[in-house]
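So the structure is just underneath, and the comments pick up after that.
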Amino acid sequence: MGLAKLSKVTMLVPRKDLDITLRNISEFEWFHPSPIESAFSDPKMEDIGGKSFKLFAELDELTTSLGVQLEPGVIEILKKGYNIVQEERNAEDWSDFIHKVEEEARPIISNLRNTVDSTNNLKKKVSDDKSLKAALLMLSNYSINLESVNRFNRIQAVFAIATSKDVNEIRKSLPDEVLIESYLTKVESAILLIGPKSESDRIDKALRSFEVRPFSIPIDLPQNPAKAYQVVNKRLIELEEELSRKLNELKTVSTENSPKLLSLRESALIAYKVTGAIKKTGDLKRFAIIQGYIPKNQEEDFYNKCNLGITFSEEPNGQEETPSLLTNKGAIKSFQNITLTQGPPMQGETDPTPLITFVFPLFYGMMFGDFGQGMLLFLLGTLLKIRGSPALKSWGTILMAAGGAAAIMGLLVGEAFGIHLGTLSGIGEFFSQIQILKLTEHGQFNQETVTILLTTSVVIGVIHITIGLILDIVKGLREKSKLALLTLKIPSLILYIFGVGFSMSFIAAGFSFEALWSSTNRVPLISDIVGYPIAANSLAMITLPIAILGAGWIIIGKPIECILDKNHKEKESPFMALIFGVVEFLLRMVEFLANTISYARLGILLLVHAALMFTVSMTLSSGPAMIPLWIVGNLGVMALEGLIVYIQDIRLHLYEWFTKFYEGAGMSFTKIVPQTMYIKIKWQHGK
331 MGLAKLSKVT MLVPRKDLDI TLRNISEFEW FHPSPIESAF SDPKMEDIGG KSFKLFAELD
391 ELTTSLGVQL EPGVIEILKK GYNIVQEERN AEDWSDFIHK VEEEARPIIS NLRNTVDSTN
451 NLKKKVSDDK SLKAALLMLS NYSINLESVN RFNRIQAVFA IATSKDVNEI RKSLPDEVLI
511 ESYLTKVESA ILLIGPKSES DRIDKALRSF EVRPFSIPID LPQNPAKAYQ VVNKRLIELE
571 EELSRKLNEL KTVSTENSPK LLSLRESALI AYKVTGAIKK TGDLKRFAII QGYIPKNQEE
631 DFYNKCNLGI TFSEEPNGQE ETPSLLTNKG AIKSFQNITL TQGPPMQGET DPTPLITFVF
691 PLFYGMMFGD FGQGMLLFLL GTLLKIRGSP ALKSWGTILM AAGGAAAIMG LLVGEAFGIH
751 LGTLSGIGEF FSQIQILKLT EHGQFNQETV TILLTTSVVI GVIHITIGLI LDIVKGLREK
811 SKLALLTLKI PSLILYIFGV GFSMSFIAAG FSFEALWSST NRVPLISDIV GYPIAANSLA
871 MITLPIAILG AGWIIIGKPI ECILDKNHKE KESPFMALIF GVVEFLLRMV EFLANTISYA
931 RLGILLLVHA ALMFTVSMTL SSGPAMIPLW IVGNLGVMAL EGLIVYIQDI RLHLYEWFTK
991 FYEGAGMSFT KIVPQTMYIK IKWQHGK
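Each residue of the sequence shown is one higher than the one before, starting from 331 at the first, in our numbering.
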């Protein structure tokens, strides 16, 4: 578990062997290419990349035109399962690969494009005729033959559709012409404008100024609007019938060809990405330079498969951005989705995924404690795990863990779908023995339970934050400069732990500073952990001086770091560094307080869930007829609150925990050949 150790490899191979080398690297898979500073691109890789991209663009456009779904949706997968069978593609190298893909794709593209183009042309004809039909319908009340009018040598007649509010302005612009207006709609009017042909330019210019275009009936139709309307209406019926048949044909063609189309599209995209990642190969004329990272434990396998020239490996020097390869297995690997929400770890950072695997479901279960709804989430996760795609399977594991934790918490509080398990006839006594907390009593929250929940939530938060601060110290031990470790990380942990201890003694003393130094009240929780009663004044006398020491250490740490750290290019004065130290201390205090209190949401959201489910369960008191409403209420709460709890769980990790030790600013290790969905490449070693 954690991050794999990587080696940086540099290969110097003859350019004539670059095709074979790239094939071997692709077959090895575990190679993360590193870009080389070069103005020169290998011509062959550039050619393959260009062909691949052009082919991908054509196939992608065709896929979009046909409405082919790039991958099945979640609902479809749940209904039918994930049944994608990868097509095996054989090739000697990437040049041969894209050549074969092109040969296979061209006739398919041609046939499908012809079908799509003919369908689109037919759609355009239908659309044009619909527009023409609408215009003719509006103008059909004019029983005039435009062709006859336009035969006059000295008279020009113009039919047009204009905005009603502009008609008066048009009339003013053309006072010497005859303008007949007929209202078509509330905002549009049909106008017939008659004037001398000698003034045609002036008439056209005036109409264009109002963005009015003359309406003309196509020459293949009668020039009488009413007769033309009848012809277009009949023709449109025939075109729509033909379009319906064409769309059904297109749907059939799309269904039959979508697997092959998606396979070819992915093939072209993969070829483009691989050759694009390796096309910069240095400025040497006869030799290509390839650099990248491989897992250190696979060096021998890499040399056996890819050593066609001069190859050497070295440890990453730490001055460059080294990719991070997570090595988690099994269920832990699924929870990398949570870690990657913040970003991949940098080299030297601790991978928090193993801890998240336990803590994330725990938090989710505490906030969503319901046995019935938790079991439904568990079953949904199981369904995704069994029937889902590779990406969905990992989320299925997370849902299973979160649902299982929610179901266990539901048993502990005795809740299922808003019903108290202890009240169920026959089995209520069994569930009562498991129940350790009673959230509500007679419609009211149990005050003792509320106190226990909030206290437990804060204690869990203290433990969680403390773990984060310890991991920050571990991170500091790995760094070359230890100044930040000594001046900030260690004193922050001391300040937090002993500050919490002092806060507990302050609470035990009744929130009174005056009584704090004389109070012998037992400090809760800490006394339970130690095993014997600890008085508030005794704990305060121990924790306060050490907390003050930690605070002072943070304050003076900045000036010490300013004086001793030689790596600082711009050094501030010791006095300014002291000011920064005070600001750092105040920020830490506010941050620690806000972060710790934030964990109270673990208990608060459980209480909110109980209140919502109590409201939903009240519907059952109205009789069996309200059972459908009770089911809908449960589903609504489950969908809404399930999402809210997930967001709050993520928030506790991103803002309260990760900020203590984890940046997530690394770069993920990516194999040279991306994960494929529709194809499986099998390399032939014929050369």
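Ideal Cβ positions, reconstructed from N, Cα and C, are used throughout, including at glycine.
Own chain, CB closer than 7 angstroms to residue i, minus 5 neighbours either side, in chain order
i: Phe386; result: Arg595, Ala598, Leu599, Tyr602
i: Asp459; result: Val562, Arg565, Leu566, Leu569
i: Ile407; result: Arg717, Gly718, Ser719, Leu722
i: Gly380; result: none
i: Thr873; result: Phe828, Gly831, Phe832, Ser835
i: Phe915; result: Ala881, Ile884, Ile885
i: Pro1004; result: Ile600, Lys603
i: Ile893; result: Pro904
Residue from the options whose Cα sits closest to the Cα of residue i
i: Ala464; options: Ile886, Ile439, Arg443, Ile491; result: Ile491
i: Phe632; options: Thr1006, Pro1004, His1015, Lys338; result: Lys338
i: Thr926; options: Ser947, Val789, Leu959; result: Val789
i: Gly880; options: Glu388, Ile350, Gln672, Ser822; result: Ser822
i: Thr683; options: Asn658, Leu855, Phe915, Leu959; result: Asn658
i: Tyr694; options: Gly882, Thr669, Glu971; result: Glu971
i: Val415; options: Lys590, Leu577, Glu499; result: Lys590
i: Ser664; options: Lys715, Leu709, Gly704; result: Lys715
i: Val1053; options: Pro675, Gln1014, Ala865, Glu844; result: Nothing in the structure corresponds to residue 1053, since the chain is present only between 331 and 1017.
i: Thr796; options: Leu816, Gly829, Pro548; result: Gly829
i: Ile547; options: Ser461, Val508, Gly831; result: Ser461
i: Leu706; options: Thr687, Leu692, Gly726; result: Gly726
i: Glu401; options: Glu809, Asn413, Gly861, Ser395; result: Asn413
i: Phe910; options: Arg918, Val920, Lys888; result: Lys888
i: Leu655; options: Thr753, Tyr559, Thr680, Leu333; result: Leu333
i: Glu391; options: Ser503, Ser440, Val404; result: Ser440
Distance between beta carbons of residue j and residue i, contact taken as under 8 angstroms
i: Glu518; j: Thr493; result: 6 angstroms
i: Glu630; j: Ser643; result: About 11 angstroms; that fails the 8 angstroms criterion.
i: Leu342; j: Pro646; result: Contact flag wrong, Cβ pair sits at about 19 angstroms.
i: Ser356; j: Val604; result: 6 angstroms
i: Lys1010; j: Glu359; result: Incorrect: roughly 12 angstroms between the Cβ atoms, too far for contact.
i: Ala877; j: Leu825; result: 6 angstroms
i: Val497; j: Leu523; result: Rounded, the Cβ-Cβ distance is 10 angstroms, inconsistent with contact.
i: Asn964; j: Gln703; result: 7 angstroms
i: Gly849; j: Ala838; result: At residue 849 the sequence reads Ser, which differs from the Gly that was named. Ser849 to Ala838, Cβ: 7 angstroms. Contact.
Residues bridged to residue i (per DSSP)
i: Pro344; result: Phe617
i: Lys1012; result: Asn420
i: Ile485; result: Pro526
i: Lys502; result: Paired residues: none, contrary to the question.
i: Val508; result: Ile524
i: Ile624; result: Ser337
i: Tyr513; result: Ser519
DSSP three-state assignment for residue i, whether helix, strand or coil
i: Phe775; result: strand
i: Asp885; result: Correcting the residue type first, residue 885 is Ile in the shown sequence and not Asp. DSSP places Ile885 in helix when its eight states are reduced to three.
i: Arg852; result: strand
i: Ala520; result: strand
i: Lys812; result: coil
i: Glu1037; result: The displayed coordinates of the chain run from 331 to 1017. Any statement about residue 1037 would go beyond what the structure contains.
i: Ala1097; result: There is no way to answer for residue 1097, as the model of the chain reaches only from 331 to 1017.
i: Ile549; result: coil
i: Ala490; result: strand
i: Ala1019; result: Residue 1019 is absent from the model: the chain starts at 331 and stops at 1017.
i: Phe642; result: strand
i: Glu541; result: coil
i: Ala870; result: helix
i: Thr449; result: helix
i: Thr770; result: strand
i: Lys610; result: strand
i: Ala1020; result: Missing from the structure shown is residue 1020; the chain here goes from 331 to 1017 and no further.
i: Ala865; result: strand
i: Ser654; result: strand
i: Pro402; result: coil
i: Ser719; result: coil
i: Pro691; result: helix
i: Ala930; result: coil
Same chain only: Cβ atoms within 6 angstroms of residue i, ignoring 5 sequence neighbours per side
i: Phe701; result: Ala737, Gly740, Leu741, Ala746
i: Val583; result: Thr445
i: Lys819; result: Asp802, Ile803, Gly806
Own chain partners of residue i with C-beta closer than 8 angstroms, once the 5 adjacent residues on each side are dropped
i: Leu936; result: Met696, Met697, Phe698, Gly699, Met739, Val743, Leu769, Leu783
i: Ser947; result: Phe747, Gly748, Ile749, Trp960
Interface flag, residue i vs chain C, CB-CB below 9 angstroms
i: Phe690; result: The structure shown contains no chain C, having only a single protein chain.
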